[in-house]
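Residue numbers (UniProt numbering): 1 to 666.
Positions of the beta carbon are idealized from the N, C-alpha and C atoms, including for glycine.
Below is one structure; the comments refer to it alone.
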């Protein structure tokens, strides 16, 4: 009988084998799960990292807030700025010293830091209001970092490089900020922004022609600004109005340390120009070199401020900037305030962002929006009391021995000043003398307008706005404009004659600006002793009486009347904009008789050439009024009309307006 008992050993071995297989399978499953878990964690880590990088990239590429723009632009654009050593920097032709208006006194502008901070906070209240997330309106961090790398790839070694740096690192951002403020009606009204701001450079074209045409034996009485003048304009539709000008001085020629050493309150005319004192003390000599170099730089800009009728301006070397102010009632005193952002901005304190280059320049521009360009009468009245200094910055620099210039503390630009508060600047010290007396107030201004240094009778600019004459008396009656025609021509003329002595305010300026041009037929009749033209828009102002068909005066008398009123008040004319190679057009209105004509203005240097046109018009007398405008005569001005973008207008050709003028200005 066969043995049917089980083989326990074999069964045990089989069971053991199955157990081991199960254990191996369990280990493999565990390892598989562990690996899958690691893969999952790695995937999650990669996803988190991608999300972080995406978020970081999103933050870098998204628009910045106003405060972020101030902080990031300072970090990316201002702090990395480097200066080329003088020996490796450009040095062009050194111009000869020229005659420039020179302030009698130089004083610290102690009120400036507080005024700038008030403006900054006002801007911030519009662009970054609280509570709530601030709007993102400005250049991204990614763009700022890229711009910083490009601008700071090489140290600044020339004026052209400084101009490019200022344009892209400062001015373009100010343009963006003001563009956003213009979109907010309350901000646009408070700051008087019009349609925005424009940074540009231009040539005083007639002065440039002067240099070619004028007789070298008859130099101009006062130096004309260099052809490239850097300007900031307010924009109103298709027109622009000058706000202020800028002077660029490369930092290797005018280091920050030189500014710190050379800027101080002083009797500038007495100490820098008239003094014959020669010092032998080494430190005193180095300090004098710095003072003379700094004064030469700021006098160059002061000269432009007087010519252009400006209250505010600034000089910059890219690292620091000197803000300037000329008070209307004390033009012989130039006030300064030194801004050195790299030494004044603590990035951990948000309030310090008001001290950045962009913030300082922005707020000075906002001050200028509330300070209308001063009229030609003001400019002519202050010139005789302002001395002339024959100077040139580059010439002054060239006369400082190189070893002495190198001994100026060129490498101390990172030395911090006495520690400023957010409302103070690098050179701020309380003044022991009182500020210049407040100018009379004609009306209350809003609380947000109290930052303005201009007279408190604030008027927002228009293309033809002028400062009121500080000595003018208030009119005792409302002035008539030419559109308000009384029933009696004789009564009207009496009123106009009475008003000629009281036409220094904005109402009278609009009268000259808004008057319509006389017709060619009207002026032909005036020239030939003929009849009035009933189609002339000003015929009611010309008549002696209601039915009188004759002109009340001759063309020669009209020219004499125009000259007399311009000699009395040079603001009684309106520049029409634009400038040719030899002249610029003006609108001239005879206050008494209402004749409105064109004056082609030009400079003394070009007058010899331009005056020949008078002979050409006389030869073409029979063609006048049809082929060519009616020519009435010439005027030699007793006062200077400094026309922005053209130069010193001293002579006029007087004529009727032609088709081109009609099409453009009617």
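Through-space distance from residue j to residue i, alpha-carbon basis
i, j, result
"residue 636", "residue 617", "18 Å"
"residue 329", "residue 321", "25 Å"
"residue 600", "residue 229", "24 Å"
"residue 294", "residue 307", "20 Å"
"residue 198", "residue 103", "29 Å"
"residue 331", "residue 105", "10 Å"
"residue 55", "residue 49", "10 Å"
"residue 176", "residue 138", "7 Å"
"residue 39", "residue 46", "10 Å"
"residue 677", "residue 274", "Lying outside 1 to 666, the shown extent of the chain, residue 677 is not represented and no answer is given."
"residue 423", "residue 108", "Per-residue confidence for residue 423 stands at a pLDDT of 45, beneath the threshold of 50, marking its modelled position as unreliable; no derived number is given."
"residue 620", "residue 302", "46 Å"
"residue 32", "residue 41", "14 Å"
"residue 30", "residue 21", "14 Å"
"residue 594", "residue 561", "11 Å"
"residue 250", "residue 237", "34 Å"
"residue 59", "residue 141", "8 Å"
"residue 536", "residue 542", "10 Å"
"residue 368", "residue 168", "21 Å"
"residue 555", "residue 527", "5 Å"
"residue 4", "residue 11", "14 Å"
"residue 79", "residue 173", "16 Å"
"residue 69", "residue 180", "13 Å"
"residue 128", "residue 64", "11 Å"
"residue 611", "residue 402", "49 Å"
"residue 344", "residue 584", "46 Å"
"residue 19", "residue 6", "20 Å"
"residue 673", "residue 241", "Residue 673 falls outside the range modelled here, since the chain spans only 1 to 666, and no answer is possible."
"residue 9", "residue 15", "10 Å"
"residue 579", "residue 190", "33 Å"
"residue 114", "residue 124", "15 Å"
"residue 126", "residue 135", "10 Å"
"residue 130", "residue 164", "36 Å"
6 Å CB neighbourhood of residue i in its chain, flanking five on each side removed
i, result
"residue 310", "244"
"residue 360", "339"
"residue 188", "182"
"residue 76", "144, 145 and 148"
"residue 162", "156, 248, 250 and 318"
"residue 522", "533 and 536"
Cβ neighbours of residue i in the same chain (closer than 8 Å, five flanking residues each side left out)
i, result
"residue 376", "309, 466, 570, 571, 639, 640, 641 and 642"
"residue 550", "531, 532 and 544"
"residue 628", "617, 620 and 658"
"residue 365", "174, 178, 197, 232, 243 and 244"
Environment of residue i [buried if 16+ CB atoms lie within 10 Å]
i, result
"residue 261", "buried"
"residue 66", "buried"
"residue 347", "exposed"
"residue 656", "buried"
"residue 397", "buried"
"residue 120", "buried"
"residue 185", "exposed"
"residue 586", "buried"
"residue 13", "exposed"
"residue 374", "buried"
"residue 399", "exposed"
"residue 221", "Caution applies to residue 221, whose pLDDT of 46 falls short of 50 and renders its modelled position unreliable; the model cannot decide the point."
"residue 687", "Since the first residue shown for the chain is 1 and the last is 666, residue 687 is missing from the structure and cannot be characterised."
Nearest-angstrom beta carbon gap, residue j and residue i [assumed within contact, 8 Å]
i, j, result
"residue 312", "residue 371", "6 Å"
"residue 196", "residue 235", "5 Å"
"residue 298", "residue 324", "6 Å"
"residue 404", "residue 286", "6 Å"
"residue 156", "residue 83", "6 Å"
"residue 652", "residue 558", "In fact, because the Cβ distance is near 13 Å, the residues do not count as touching under 8 Å."
"residue 342", "residue 319", "6 Å"
"residue 654", "residue 591", "About 15 Å separates the two Cβ atoms, so there is no contact after all."
"residue 390", "residue 153", "Residue 390 to residue 153, Cβ: 40 Å. No contact."
"residue 316", "residue 118", "So it is not a contact: roughly 22 Å between Cβ atoms."
Closer than 9 Å to chain E by CB, residue i
i, result
"residue 45", "The structure shown contains no chain E; it is built from a single protein chain."
Heavy atom of the ligand PLP within 8 Å of residue i beta-carbon
i, result
"residue 168", "The ligand PLP is not among the ligands present in this structure, which contains no ligands whatsoever."
Proximal residues to residue i (C-beta, below 7 Å), its chain only, five neighbours per side dropped
i, result
"residue 563", "635"
**OP:** May I have a chain-ordered list of the beta strand (DSSP E) segments no shorter than 3 residues that lie completely inside the region 320-347?
**Re:** Within the region 320-347, the beta strand (DSSP E) runs of at least 3 residues that lie entirely inside it are, in chain order, 321-325 and 333-339.
**OP:** Could you pull out every unbroken beta strand (DSSP E) segment of at least 3 residues lying fully inside the region 547-629, listed in chain order?
**Re:** If we require 3 residues or more, the beta strand (DSSP E) runs fully inside the region 547-629 come out as 573-575, 584-589 and 596-602.
**OP:** Report the residue ranges of all alpha helix (DSSP H) runs contained in full by the region 247-314; include only those spanning at least 4 residues, in chain order.
**Re:** Correct list: 256-262 and 282-308.
Subject >> 4 or more residues per run - each alpha helix (DSSP H) lying fully within the region 141-196 >> reply: For the region 141-196, whole alpha helix (DSSP H) runs of length 4 or above, ordered along the chain, are 141-151, 159-166, 172-182 and 185-191.
Subject >> 3 or more residues per run - each beta strand (DSSP E) lying fully within the region 46-127 >> reply: The qualifying runs are 98-101 and 105-108.
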